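Peer 1: Heads up: the sequence shown at position 172 corresponds to 518 in the working numbering, and the numbers run straight through without jumps.
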Amino acid sequence: MARHGSDRCEPGRLRWHAATDIPEGNQSLSRLVSERKPTTAPQPMLTVGLTSTLEAGFSTVDLTCLPPANTYVGPTAMDGYPVCLAAIPETTIAVSGLATGTLTGEVIFDTGTPSMTVSVPAGISFPAAIPDGADVLITTPSGFTYPYTSAPGITNVVVEGNSTVASIIGIAYFTTNSLFIDFAMSIEGWK
């Protein structure tokens with residue numbers, strides 16, 4: 347193999363220069379890679395942690411860990427933390443004013459959703475559409491409430507009838523409120 351520069355490499359660091367470390371002759375790539383294994387375990391580059399002080403003042407619920415077997419196929423833990431459902435069960439969505447209805451089910455708080463989506467199971471009475479100006483109140487099992495008024499844009503409410511998926515609380519929540527997920531303690535909190 348042709349090498350250019352120093353053969354020295356810091357412990358735990360892998361030195362690979364694609365343009366210069368090219369196998370020659372009968373050497374295989376697998377042999378080359380096996381000779382270049384790091385000598386120490388990888389270390390995290392960024393650690394973000396929650397403390398009881400940071401969690402103070404939040405309304406919290408326990409996460410559902412392990413997810414029910416009929417909805418999840420995968421490992422029971424990742425890096426020592428239990429696998430938990432993203433959805434918060436027993437959350438109430440109430441609409442009043444220009445339209446009225448109440449629904450209790452699972453919700454997911456999601457920064458990637460540009461509106462709120464209410465998933466209405468078959469057989470549940472709930473308005474087929476939520477007009478602009480309707481008051482919406484989300485209440486988590488811990489008693490935390492998130493009120494807002496439906497309007498075009500990020501506070502728009504989309505209703506999906508005959509649905510079997512969780513409702514989505516979109517980006518509007520995060521513009522005025524806070525959320526944390528503590529995987530070590532298996533809790534989620536809102537403020």
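Just so you know, even glycine gets a beta-carbon here, dropped at the ideal spot from N, CA and C. Remember, predicted model here, so these are calculated numbers, not experimental data.
Residues in its own chain within less than 7 Å of ILE517 by CB, not counting five upstream and five downstream?
Peer 2: THR457, THR459, PRO460 and ILE500
Peer 1: Does SER524 come out as helix, strand or coil in the three-state DSSP assignment?
Peer 2: coil
Peer 1: At which residue ranges does the segment 450-529 contain complete alpha helix (DSSP H) runs of 4 or more residues, listed in the order of the chain?
Peer 2: 518-522
Peer 1: May I ask you to report which of helix, strand or coil DSSP gives THR532?
Peer 2: Correcting the residue identity first, residue 532 is Ser in this sequence and not Thr. Three-state DSSP puts SER532 in coil, outside helix and strand.
Peer 1: Let me make sure I understand the geometry here. Which of LEU483, ILE527, GLY507 and PHE529 has the alpha-carbon closest to that of ILE515?
Peer 2: LEU483
Peer 1: Return yes when the Cβ of GLU506 is within less than 9 Å of the Cβ of THR463, no when it is not.
Peer 2: yes
Peer 1: Specify, as a first and last residue, the run of the beta strand (DSSP E) that THR438 falls within.
Peer 2: Membership of THR438 in the beta strand (DSSP E) is indicated by the continuous run 434-442.
Peer 1: Use the C-beta contact count for GLY395: other C-beta atoms within 10 angstroms, 16 or more gives buried, fewer gives exposed.
Peer 2: exposed
Peer 1: Measuring CB atoms only, is the segment 430-443 touching the segment 402-410, in the sense that at least three cross pairs come out at less than 8 Å?
Peer 2: yes
Peer 1: Could you tell me if ALA474 is buried or exposed, where buried requires 16 or more neighbouring beta carbons within 10 angstroms of its beta carbon?
Peer 2: exposed
Peer 1: Rounded to whole angstroms, what's the CA-CA distance from ILE533 to THR438? Just pull it up for me.
Peer 2: ILE533 and THR438: Cα-Cα distance of roughly 19 Å.
Peer 1: State the start and end residues of the unbroken alpha helix (DSSP H) segment that holds THR446.
Peer 2: Taken as a continuous stretch (DSSP letters only), THR446 belongs to no alpha helix (DSSP H), as it is neither H nor E.
Peer 1: Nearest to LEU525 by CA position, among THR510, SER496, THR491 and THR495, is which residue?
Peer 2: THR491
Peer 1: Name the DSSP beta bridge partners of VAL407, please?
Peer 2: Within the DSSP bridge table, the entry for VAL407 names GLU534 as partners.
Peer 1: Taking the beta carbon of VAL419 as the centre, do at least 16 other beta carbons fall within 10 Å, making it buried, or is it exposed?
Peer 2: exposed
Peer 1: ILE454 to ALA512, Cα distance in whole Å?
Peer 2: For ILE454 and ALA512, the distance between alpha carbons rounds to 6 Å.
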